[in-house]
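Undergrad: Chains as they are written, first to last, in the working numbering: chain A, 3 to 381; chain B, 883 to 1145.
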């Protein structure tokens, strides 16, 4: 989809999802809001790790940056007596900017690292969150975190729209906007630069790509998306605490991105859905099991992690491109099954030489010999 | 042999002046000086480890010289890799240097980075400037592919294509930005004799576009047939420079690289 078509598509998707909330239970609307929050973070990870090849285990830290930025901004505005839409939008903007600033600083350091060193560096970030909140406990609330004064749904909607439904609307709009922006970025010049740096940084530099700047921008963009996700989560849960943004969340986000299909933004959607609904389904399942309360307590939460891990291993082994890769392959097979096979001679020619260049050089350009395209030699 | 005319009144396109590069205790280049005239095809030959690619890496800013200087069209040149295309310098890499996750067209569009004027913000918001910029890059890239006869492969991923097409893709990426200096690092590697003949035709045609070419190549016949001048490196030192005929008759070159006919 071209960038110019992505905005109408995004608007259509947002309208459809908002319409869907009218038939959903309030709790499912709440779950949909959390899906959207996680989707922002996973989509950011898709840009950074999937397209940029930079493995980050610190996405939860960036979400925390967004959540705390939201909390500090919202509480400060509430104390100043500010109300209305600005109390909704300004903290979300603060969440994006706060996390993006974190990403910019982290990216400056992380841009020099790659592979396990980068993973280790970003791991340290997420591990450091409790220490940071404890050190600055007066401002960040220590281990308990911060309670947030949030702007509720407009008075005009009270009675017709539940609070959960309103939360999901906000989250849907934010997530759709993030997906549209990231889609446009990946389809454009920045996306090419990012994938070029991932594939061959020396060749990218020779082509004119500023490798260091590309890595820093990708960290910043990914952090901004994660920050918005953190801000949404803070809005939905009305709190920001270090326990909500642990290493486990970082690993969940990465696993969700891989299971969904890390090279694709659509894969991030599957990942976010799984991240929210799989643990819920498993917990519902274990609650109905005829087991002792002691065993049920041990299974609660842990079984979801085990299932998640098993699914991850199976996906890596059987479908390295994730759920989206499976869907894409299935669609391609379906389309191919409906087309007439090429005559043998034509197919053979097309597949063996690649010599079928178009007519000669474009008028007004220097002409160069064009026969090398028939080469079949290998290095 | 290619006949190339050079104007002595204009500065050379590229001048190496006493370039030395050291890696710890190893001297990779030792006081190398020679010039690449504007509109010329200059070959650099020598045995493995002679310093040919290191010389390219100096021009590209990957290796900083311990001593010596570079001049590009008479101006002192302190290269940085991602600024090269803006200075009109393009390079192909040993092997292919293609981006396997990008289509052929996207690979070539990256060769126009130096002239792209739209940024990430315009892309993200799908602003008209971004659309116009992308359309311009796409058009010029298709034109570059068309000139080499591989525009039909624009939407393919490089790994799915024959090796010759991939080589041409790398060449199209380098040529797309209309460079004034093109560095070709072993472009004939992996090609058949027939393909090498075709490559020779492409290289001979490049100076007509106003671009000088520096060719590092082990395929001596190709170098002899397309280059107006040849520099010979051995153990980091320039041991000879001259026309192909002069190089072919130079006993020092014969001893170091070309070898002697068996009796």
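Even for Gly, the Cβ is constructed at its ideal location relative to N, Cα and C. In this text the structure is predicted, and so the values were computed from the model without any measurement.
Is the Cβ-Cβ distance between residue 177 of chain A and residue 37 of chain A less than 9 Å?
TA: Yes, Cβ-Cβ distance for residue 177 of chain A and residue 37 of chain A is below 9 Å.
Undergrad: Quick check on the burial criterion: 16 or more other C-beta atoms within 10 angstroms. Buried or exposed for residue 1088 of chain B?
TA: Result: buried.
Undergrad: In chain order, what residues of the segment 204 to 222 of chain A put their CB closer than 8 Å to some CB of chain B?
TA: Listed by position, the residues of the segment 204 to 222 of chain A near chain B (Cβ gap below 8 Å) are 204, 205, 206, 207, 208, 209, 210, 211, 212, 213, 219.
Undergrad: Flag residue 1100 of chain B as yes if its beta-carbon sits less than 9 Å from any beta-carbon of chain A, otherwise no.
TA: No, its Cβ sits nowhere closer than 9 Å to a Cβ of chain A.
Undergrad: Between the C-alpha atoms of residue 9 of chain A and residue 1020 of chain B, what's the straight-line distance to the nearest angstrom?
TA: The straight-line gap from Cα to Cα measures roughly 22 Å.
Undergrad: The beta strand (DSSP E) that contains residue 973 of chain B, what's its start and end?
TA: Where residue 973 of chain B is concerned, the enclosing beta strand (DSSP E) stretches over 971 to 973.
Undergrad: Assign residue 231 of chain A to one of three DSSP states: helix, strand, or coil.
TA: Residue state, collapsed to three classes: helix.
Undergrad: Applying the 10 Å Cβ sphere with the 16-neighbour rule, what's the burial state of residue 1049 of chain B?
TA: Flag for residue 1049 of chain B reads buried.
Undergrad: Would you call the segment 222 to 238 of chain A and the segment 1007 to 1022 of chain B in contact, with 3 or more CB pairs under 8 Å?
TA: The answer is no - the segment 1007 to 1022 of chain B does not touch the segment 222 to 238 of chain A, with fewer than three Cβ pairs under 8 Å.
Undergrad: Hey, how far is the Cα of residue 308 of chain A from the Cα of residue 167 of chain A?
TA: Roughly 31 Å separates the two Cα atoms.
Undergrad: Using Cβ-Cβ distances below 7 Å, what residues of the segment 1051 to 1064 of chain B are close to chain A?
TA: The segment 1051 to 1064 of chain B vs chain A, Cβ under 7 Å: 1055.
Undergrad: Looking at the strands, I want to know which residues DSSP matches up with residue 174 of chain A.
TA: Answer is none; residue 174 of chain A lacks a bridge partner.
Undergrad: Measure the Cβ-Cβ separation of residue 1046 of chain B and residue 1079 of chain B and say whether it is below 9 Å.
TA: Contact flag unset, no.
Undergrad: Along chain A, which residues have their Cβ under 7 Å away from the Cβ of residue 1153 of chain B?
TA: Within the shown structure, residues of chain B are numbered from 883 to 1145, placing residue 1153 of chain B beyond reach of any answer.
Undergrad: Quick one: is residue 911 of chain B buried, meaning 16 or more other Cβ sit within 10 Å of its Cβ, or exposed?
TA: Residue 911 of chain B is buried by the Cβ-count criterion.
Undergrad: Assuming residue 938 of chain B is part of the alpha helix (DSSP H), what are its boundary residues?
TA: Residues 934 to 942.
Undergrad: Which residue wins for smallest C-alpha separation from residue 303 of chain A, given the options A/191, A/289, A/331?
TA: Nearest option by C-alpha distance: A/289.
Undergrad: Between residue 216 of chain A and residue 207 of chain A, what straight-line distance do the alpha-carbon atoms span, to the nearest angstrom?
TA: So the alpha carbons of these two residues sit roughly 10 Å apart.
Undergrad: Taking the alpha-carbon positions, what's the residue 93 of chain A to residue 267 of chain A distance?
TA: So the two alpha carbons sit approximately 26 Å from each other.
Undergrad: Got a sec? Which residues, its chain only, sit under 7 Å from residue 273 of chain A by beta carbon, not counting five neighbours each side?
TA: Cβ neighbours of residue 273 of chain A beyond the five flanking positions: 44, 258, 259, 261, 262.
Undergrad: To the nearest angstrom, how far is the alpha carbon of residue 54 of chain A from that of residue 1005 of chain B?
TA: If you take the alpha carbons of residue 54 of chain A and residue 1005 of chain B, they lie about 17 Å apart.
Undergrad: Rounded to the nearest angstrom, what separates residue 190 of chain A and residue 181 of chain A at their Cα positions?
TA: Spanning the two alpha carbons is a distance of roughly 14 Å.
Undergrad: So, helix, strand or coil for residue 953 of chain B, using DSSP?
TA: Correct three-state label for residue 953 of chain B: strand.
Undergrad: If I follow the unbroken alpha helix (DSSP H) through residue 902 of chain B, where does it start and stop?
TA: From DSSP, residue 902 of chain B is part of no alpha helix (DSSP H) but of the beta strand (DSSP E) over 896 to 905.
Undergrad: Taking the continuous beta strand (DSSP E) assigned at residue 1123 of chain B, which residues delimit it?
TA: Where residue 1123 of chain B is concerned, the enclosing beta strand (DSSP E) stretches over 1119 to 1124.
Undergrad: May I ask you to report which of helix, strand or coil DSSP gives residue 1041 of chain B?
TA: Correct three-state label for residue 1041 of chain B: helix.
Undergrad: Closer than 9 Å, CB to CB, is residue 1109 of chain B near chain A or not?
TA: Residue 1109 of chain B does not count as touching chain A.
Undergrad: Quick check: is the beta carbon of residue 360 of chain A nearer than 9 Å to any beta carbon in chain B?
TA: For residue 360 of chain A, the predicted structure reports a pLDDT of 36, less than 50, and the residue's modelled location is therefore unreliable. The matter cannot be settled from this model.
Undergrad: Are the CB atoms of residue 968 of chain B and residue 210 of chain A nearer to each other than 9 Å?
TA: The answer is yes: Cβ separation under 9 Å.
Undergrad: Give the interface partners of residue 992 of chain B over in chain A, defined as CB-CB distance under 8 Å, in chain order.
TA: Per Cβ cutoff of 8 Å: 194, 195, 198, 206, 209, 210, 211.
Undergrad: Taking a contact to mean a Cβ-Cβ separation below 9 Å, would you say residue 1066 of chain B touches residue 1056 of chain B in this structure?
TA: Going by C-beta atoms, residue 1066 of chain B is nearer than 9 Å to residue 1056 of chain B.
Undergrad: Please return the same chain residues whose Cβ sits closer than 8 Å to the Cβ of residue 1039 of chain B, not counting the five positions on each side in sequence.
TA: If we look at residue 1039 of chain B and ignore the five residues flanking it on each side, its Cβ neighbours are 982, 983, 984, 985, 986.
Undergrad: To be precise: take each residue of the segment 308 to 342 of chain A, compare its Cβ to all Cβ atoms of chain B, and keep it if any distance is under 8 Å. Which residues remain?
TA: Under the 8 Å Cβ criterion, the segment 308 to 342 of chain A contributes no residue.
Undergrad: Closest to residue 946 of chain B by C-alpha separation, out of B/1027, B/1122, B/904, would be which residue?
TA: Comparing Cα positions, the closest option is B/904.
Undergrad: Would the segment 1114 to 1123 of chain B and the segment 915 to 932 of chain B be scored as touching if the rule is three or more Cβ pairs under 8 Å?
TA: The segment 1114 to 1123 of chain B vs the segment 915 to 932 of chain B: in contact.
Undergrad: Give the DSSP-derived three-state secondary structure of residue 1149 of chain B in the structure shown.
TA: As shown, chain B starts at 883 and ends at 1145. That puts residue 1149 of chain B outside it, with no answer to give.
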